[in-house]
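Numbering (the numbering used here), first residue to last: 3 to 522. Below: one structure, written as structure tokens.
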């Protein structure tokens, strides 16, 4: 059987895994590292490095070193969340095709899917070296809160990287597979997924080989990176009080401090205090100044308390949707590097009234679950090998609707509906002799159109001129197992069929996509 891999394409770090001899395992690089930084550096002279070598460039050349691209993937540049992300990035981001963000780097313009493709290609190469065979197929994970456009852009990134993306699955759902695979569980579990760039919370019923998502919620701008920034802001403010020198606006020095704060954060998960030191952060007439501070776990907890508290607002939203109480949950599974933080673990235990489960590594469980799903999809159904067949029943993370008369949103598909799902609506002409219908499709929970994400516009032309309401069109909205929307319309008068895969995230058509070649 051909091997398909599972990839956790993270905001800060990525991991690849595969099922080998019936057992899911993380595929390490040549140095034995399981997780790789999701960083791409464009070097002077045209070279490109990815992963650990690229991360080292952050403190040297942050203007040409790309990180946190996942926070921009599938978004338009005028998206409020995209503007928040762009304002916190050192490298220049401008409008590209279809108003999607592109990064200006060394005289070129690089799309966000291309950046993600470099990371995915690195994961593909690691897998091929470990498995000693070509790898072409993959399951890639995304945050549960990703919308249609973000999922499609992730698939495009996989295609650019030379991968056939056989399925897009939600990160918490993948983690639940890693936790429950082969254990014959019959439990209600919660996945508390706190990564580098986002937070997701998902409730699932696990019944043997069937994993059914009940509800999910998330925050795309809440992760370990925010802990680093909170600590960096605190130590830089302290430095200013002592020296009256502000270095936050120096992009290179700020990146150096952020990297030091990330290491301090990791150390404080093991120790009650540590020394944070960054040499030569500022120059004065008397010489260079170093940044030095003793950081205690208590100080770190105080700085990050509000960030941790925000996660429970997300948890409460998903619990309310599912009409489940914290005490009803059997297991709370910890996922993501931020769950190593003692404050996070203690807060989770207090909120749910039970000790969180960490049997599967929080940093690698998503990739392992993606590998299990890839293995299951590749395995032909066979009575002699039933253990290979897991059934994954996920849900729609956002409601999908149309812009109705009066300019308000009318929902067609509700958030947390099980997918795949299909619903049909009948539309008719609103005025005499109308020969064209335009159906605007949006994604989100608000009745106000402008507060939702536009997905596209289905134009149904060639209608028979007739009195208003006489010509009807049957429109079917279908969300597939990847969470991607397809719309089909049938003119009930003529029988003509219109099909549209709503992929407004596409920054390039198929011809342009075929011409994209990643640099060596």
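Ideal Cβ positions, reconstructed from N, Cα and C, are used throughout, including at glycine. If you're wondering where the values come from, they're calculated on a predicted model, not measured in any experiment.
Taken through DSSP and simplified to helix, strand or coil, residue 396 comes out as strand.
Between residue 332 and residue 185, the gap from beta carbon to beta carbon reaches 9 Å or more. Under a 10 Å Cβ-count criterion, residue 466 is classified as exposed, with fewer than 16 other Cβ atoms of the shown protein chains found around its own Cβ. Classified as buried, residue 222 has 16 or more neighbouring CB atoms from the shown chains inside 10 Å of its CB. Here the C-alpha atom of residue 169 lies approximately 20 Å from the C-alpha atom of residue 195. Inter-segment contact for the stretch 371-382 and the stretch 444-460 is absent: fewer than three beta-carbon pairs are separated by less than 8 Å. Scanning its chain for C-beta atoms nearer than 7 Å, with the 5 sequence neighbours on each side dropped, one finds around residue 319 the residues 219, in chain order. For residue 312, the enclosing alpha helix (DSSP H) begins and ends at 299-324. Annotation: residue 476 to residue 425 spans about 10 Å, alpha carbon to alpha carbon.
Separation of residue 124 and residue 285 (C-alpha to C-alpha, rounded to the nearest whole angstrom) is 38 Å. About 5 Å separates the beta carbon of residue 257 from that of residue 60, a gap short enough to meet the 8 Å contact definition. Bridge pairing for residue 269: absent [DSSP]. Rounded to whole angstroms, residue 12 and residue 38 show a C-alpha spacing of 9 Å. Listed in chain order, the beta strand (DSSP E) runs fully inside the stretch 15-57 are 15-22, 25-28, 42-44, 50-52, counting runs of at least 3 residues. In this structure, the beta-carbon distance from residue 142 to residue 157 falls below 9 Å. For residue 501, the secondary structure class from DSSP, reduced to helix, strand or coil, is strand. Per DSSP, the continuous beta strand (DSSP E) segment holding residue 194 begins and ends at 188-196.
One alpha carbon belongs to residue 495, the other to residue 187, and they sit about 52 Å apart. In the three-state DSSP reduction, residue 420 falls in the strand class (E or B).
In chain order, 380, 381 place their CB closer than 7 Å to the CB of residue 3, counting only its own chain and leaving out the 5 sequence neighbours on each side.
Contact check for residue 483 and residue 422: beta-carbon distance about 5 Å, within the 8 Å limit, so the pair qualifies. Of all C-beta pairs linking the stretch 16-28 to the stretch 393-411, fewer than three are shorter than 8 Å, placing the two stretches out of contact. Here residue 259 has 234, 280 as same chain residues with Cβ atoms under 6 Å from its own Cβ, once five neighbours each way along the sequence are excluded. With a contact defined as Cβ atoms closer than 8 Å, residue 267 and residue 229 qualify at about 6 Å. One Cα belongs to residue 291, the other to residue 282, and the distance between them is close to 5 Å.
Out of 363, 432, 348, the CA that lies nearest to the CA of residue 356 is found in 348. Following the DSSP letters along the chain, one finds residue 216 inside the beta strand (DSSP E) bounded by residues 212-221.
The Cβ neighbour count for residue 311, taken over all protein chains shown within 10 Å, is under 16; the residue is labelled exposed.
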